[in-house]
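What follows is a short report on a single structure.
Chains as they are written, first to last, in this note's numbering: chain A, 270 to 541; chain B, 10 to 379.
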């Protein structure tokens, strides 16, 4: 019981709207932490991309945990020690990072990331814990779904439909110049709109699409990656290329999901 | 109090405190086997989800200093008792050295393998029992010195040890690792390097001078013990608050968890001073309780009289049944660990009583060593 008095946290946790389990400080103004998970961090501003709590196991993918520290400025004159601990579905810690903030360090966000490649992780419920001077102050769970392995029959379930067009009417929002033959002109573009007839065919799995524009020589002229995540109910994907300096000939637009070609549409560019 | 009674009391409080430490160690080991926190608890860098888990782990921190100091006290007592009985100086030392070597042998053969229920024979590991054995051998060499010199040696080691920790070594180099982790640093090969723990054994022998000889009455033992413990605590707190020499881990505030949780493997100077004070305070408390309510402490005498047997047997039982057979292995929490302690005490106390009888009657060299 004496040792209980040495604890700086109350025993009963509080669950935030973002489902972070927080152990509030006994002393007003002491450090508190809020956890967010995301798929990527913006390299420029550190913004979170693809935030959520359900992720799919995937080659070269990561989960980032971003910890927002509250009341840090009350304690800016001293050393602060944090441990960020990742716990697997078997209850074992699989990665731990210690972060020491020196006096005067104004960082209010600390983060850690782990790979979620199939050779490293299994599907299941994981948790991420934040310790402040070795005491648990916040915890949040997330789920890893099995790797999505796409077969041609599975692609049909998603029911992708590609429409190629020139532009969208600003007034009506309707597509203008739908077709498969486009004329090369200055400032002209060809746009692709992909409608997914059954967006949630794979439940909550992350859908990582690669959109590839292929030229007459069979080489890619433009490639783009787009992720649709469980928290995002969007069922359309868009991409476009400029055609004013392109050579005439037969082109194609290809849609890949997890490396598997699931839809393709050919089109032709003609000289003006 | 008559002199005879005083002699009896000396043995009892040492036995009882040693038994208490043994039971605390059982608490730690039951947690290690039953408590799911060990799925992610790194003893070198411990993190705790709540105070109960912290307390369960922290009580075990007293064990190593307690055993080393009690062992040091017993080495001192054994040496002087044998010499008084007429044994030669060298034969007495040789007896202590043999016992130390036996402890190293027990570590390499029984203890290392018992952790996993004897599934794998794993002699190449040093540990607390070997560290006690090694300390015993070294202590045998200086045990005849006056307590003031022994105290100086212990303090010198404790002060020099933090500097020795800065010696760089390559953990891929086996011999460098074995040498460093046998004597100075902690790691996979050994968590209990001899040097700092030898210092605590010496301090135990110094305290034995007072507990078992110089302080003639319990009142003196209580007063001197309290004063020495208080001095040790004050020194430790001063070091910790200085946040510099003698401390290794950051802490948030005075008297917070992190304040008490400085580095254990190997122990920082703060931890050595703090737990030296805790052991002295513990022994003093046992003397006080022994006077006021002696029956309360009787249970501790049982494992305290056969500490090595208690250690070796309970570890083997837990290793075989919990680890190897998989009976509730790391499935519970604090409560399940404590239930495990009770169950193990029900098994171990009669076993210890039985073995003590065997040991008293036996003339067998190995039985005497255990």
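Beta carbons: idealized from backbone N, C-alpha and C, even for Gly.
Item, Value
"Residue from B:28, B:242, B:359 and B:358 whose Cα sits closest to the Cα of residue 309 of chain B", "B:28"
"Endpoints, the alpha helix (DSSP H) within which residue 511 of chain A is located", "Premise fails: residue 511 of chain A lies in the beta strand (DSSP E), 505-511, not in any alpha helix (DSSP H)."
"Close beta carbons around residue 19 of chain B, own chain, < 6 Å, minus the five adjacent residues each side", "Confidence is the limiting factor: at residue 19 of chain B the pLDDT is only 49, short of 50, which leaves the residue's position unreliable, though a coordinate-based value still follows. For residue 19 of chain B, where only same-chain residues beyond five positions count, the Cβ hits under 6 Å are 221."
"Residues within the region 245-261 of chain B neighbouring chain A, beta-carbon criterion of under 9 Å", "252, 258, 259, 260 and 261"
"Ranges of the beta strand (DSSP E) found wholly within the region 312-373 of chain B, counting only runs of at least 3", "none"
"With 16 other Cβ atoms within 10 Å as the buried cut-off, status of residue 341 of chain A", "buried"
"Given 8 Å, three or more beta-carbon pairs between the region 66-84 of chain B and the region 288-300 of chain B", "yes"
"Element boundaries [beta strand (DSSP E), containing residue 410 of chain A]", "404-414"
"Closest Cα partner of residue 357 of chain A within the set A:370, A:343, A:383 and A:378", "A:383"
"For residue 133 of chain B, the first and last residue of its enclosing alpha helix (DSSP H)", "Looking at the DSSP string, residue 133 of chain B is not in any alpha helix (DSSP H), and its letter there is neither H nor E."
"Residue span of the alpha helix (DSSP H) that contains residue 228 of chain B, given as start and end", "227-251"
"Residue 288 of chain B in three-state terms, based on DSSP", "helix"
"Delimiting residues of the alpha helix (DSSP H) encompassing residue 433 of chain A", "Run containing residue 433 of chain A: none in the alpha helix (DSSP H); it sits in the beta strand (DSSP E), 429-434."
"Closest by C-alpha distance to residue 43 of chain B, when choosing among B:347, B:178, B:131 and B:373", "B:347"
"Neighbour list for residue 360 of chain A in chain B, Cβ cutoff strictly below 7 Å", "45, 48 and 49"
"Contact residues within the region 329-355 of chain A, judged by C-beta distance below 7 Å to chain B", "348, 350, 352 and 354"
"Nearest-angstrom beta carbon gap, residue 462 of chain A and residue 505 of chain A [assumed within contact, 8 Å]", "6 Å"
"Within-8 Å CB hit, residue 277 of chain A to chain B", "yes"
"Touching by the beta-carbon criterion (3+ pairs, under 8 Å), the region 138-154 of chain B and the region 105-118 of chain B", "yes"
"Beta-carbon neighbours of residue 264 of chain B, restricted to chain A and to distances below 7 Å", "275"
"Between the CA atoms of residue 46 of chain B and residue 312 of chain A - distance to the nearest angstrom", "36 Å"
"Chain-ordered chain A contacts of residue 188 of chain B [CB-CB under 8 Å]", "Correct list: empty, because the minimum Cβ distance to chain A is about 28 Å."
"3 or more residues per run - each beta strand (DSSP E) lying fully within the region 142-228 of chain B", "none"
"Contacting residues, own chain, Cβ-Cβ under 6 Å from residue 511 of chain A (five flanking each side not counted)", "458"
"Any C-beta of chain B under 8 Å from that of residue 425 of chain A", "no"
"Cβ-Cβ separation, residue 452 of chain A to residue 529 of chain A (assumed contact under 8 Å), whole Å", "Not a contact, Cβ separation roughly 33 Å."
"Rounded straight-line distance, which links the Cα of residue 360 of chain B to that of residue 263 of chain B", "43 Å"
"Rounded straight-line distance, which links the Cα of residue 343 of chain B to that of residue 471 of chain A", "41 Å"
"Per-residue contacts from residue 204 of chain B into chain A (C-beta, under 8 Å)", "The contacting residues do not exist; residue 204 of chain B stays about 26 Å from chain A at best."
"Chain B contacts made by the region 363-378 of chain A, where a contact means CB separation under 8 Å", "365, 367 and 369"
"Cutoff 8 Å: residue 405 of chain A Cβ touching any chain B Cβ", "yes"
"The region 349-364 of chain B / the region 315-324 of chain B touching (three or more Cβ pairs under 8 Å)", "yes"
"Residues that DSSP places opposite residue 284 of chain A in a beta bridge", "A:290"
"Within chain B, the residues that residue 280 of chain A reaches when beta carbons sit closer than 8 Å", "59 and 60"
"Under the three-state DSSP convention, the category residue 120 of chain B falls into", "helix"
"Per-residue DSSP class, three states only, for residue 535 of chain A", "strand"
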